[in-house]
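Undergrad: Take a look at the following structure, please.
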Amino acid sequence: MTILQLLILIFSFFALSRVILRTRDKKLTLYEFIFWVFVWASVIFIAFFPGVSTFFANLVGIDRGVDILIYSGIGLLFYLIFRLYVKLEELEQEFTVLVREISFIKKKEK
Numbered sequence: 006m007t008i009l010q011l012l013i014l015i016f017s018f019f020a021l022s023r024v025i026l027r028t029r030d031k032k033l034t035l036y037e038f039i040f041w042v043f044v045w046a047s048v049i050f051i052a053f054f055p056g057v058s059t060f061f062a063n064l065v066g067i068d069r070g071v072d073i074l075i076y077s078g079i080g081l082l083f084y085l086i087f088r089l090y091v092k093l094e095e096l097e098q099e100f101t102v103l104v105r106e107i108s109f110i111k112k113k114e115k
């Protein structure tokens with residue numbers, strides 16, 4: 006096992022522990038928990054068996070296993086950014102409604 010694999014494993018187990026703690030604190034839903042456990046378990050699996058990524062890369066016509074990991078990572082990041090954007094827009098709309106209601110109540114009190 007290389008030093009890089011060891012560092013990846015340490016970080017992945019740390020991240021997995023954070024997922025478990027956030028789920029216990031009710032800050033993650035069951036679906037989010039399952040998603041993140043799958044992500045970090047996949048990272049741990051690939052760290053132990055790096056040849057698996059080459060196998061999957063060859064299935065889709067990519068030469069190197071690390072390339073498919075990079076492509077998948079970028080795709081995952083874009084998806085997560087999209088989810089954050091949607092959630093931010095929802096919060097902004099809720100905030101606007103709340104500010105309007107507070108403003109209306111204060112105007113009514115005067």
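For the sequence shown, this note's numbering assigns the number 6 to the initial residue and increments by one for each residue that follows. Positions of the beta carbon are idealized from the N, C-alpha and C atoms, including for glycine.
With C-beta atoms as the reference, is S58 less than 8 Å away from L82?
TA: It is not a contact, given that the beta carbons lie outside the stated cut-off.
Undergrad: Threshold first: 4 residues or longer. Then list the alpha helix (DSSP H) segments lying entirely within the segment 9-58, N to C.
TA: Listed in chain order, they are 35-53.
Undergrad: Taking the alpha carbon of I51 as the reference point, which residue from E99, I13, E114 has its own alpha carbon closest?
TA: Among E99, I13, E114, the Cα nearest to that of I51 is on I13.
Undergrad: Report the residue ranges of all alpha helix (DSSP H) runs contained in full by the segment 52-94; include only those spanning at least 4 residues, in chain order.
TA: Complete alpha helix (DSSP H) runs here, min 4: 56-64.
Undergrad: To the nearest whole angstrom, what separates the beta carbons of R27 and L33, a pair I think is in contact under 8 Å?
TA: With 8 Å as the limit, R27 and L33 qualify as a contact, their Cβ atoms being about 5 Å apart.
Undergrad: Are the CB atoms of L21 and W45 nearer to each other than 8 Å?
TA: Yes. Within cutoff.
Undergrad: Take the Cβ of V128 as the centre, count every other Cβ of all protein chains shown within 10 Å, and call the residue buried at 16 or more, exposed below.
TA: For residue 128 there is no data in the structure shown, the boundaries of the chain being 6 and 115.
Undergrad: My output table needs one value for K115: the three-state DSSP class, helix, strand or coil.
TA: Coil.
Undergrad: Would you tell me roughly how many angstroms separate the C-alpha atoms of E95 and N63, rounded to the nearest one?
TA: C-alpha separation (whole angstroms): 41 Å.
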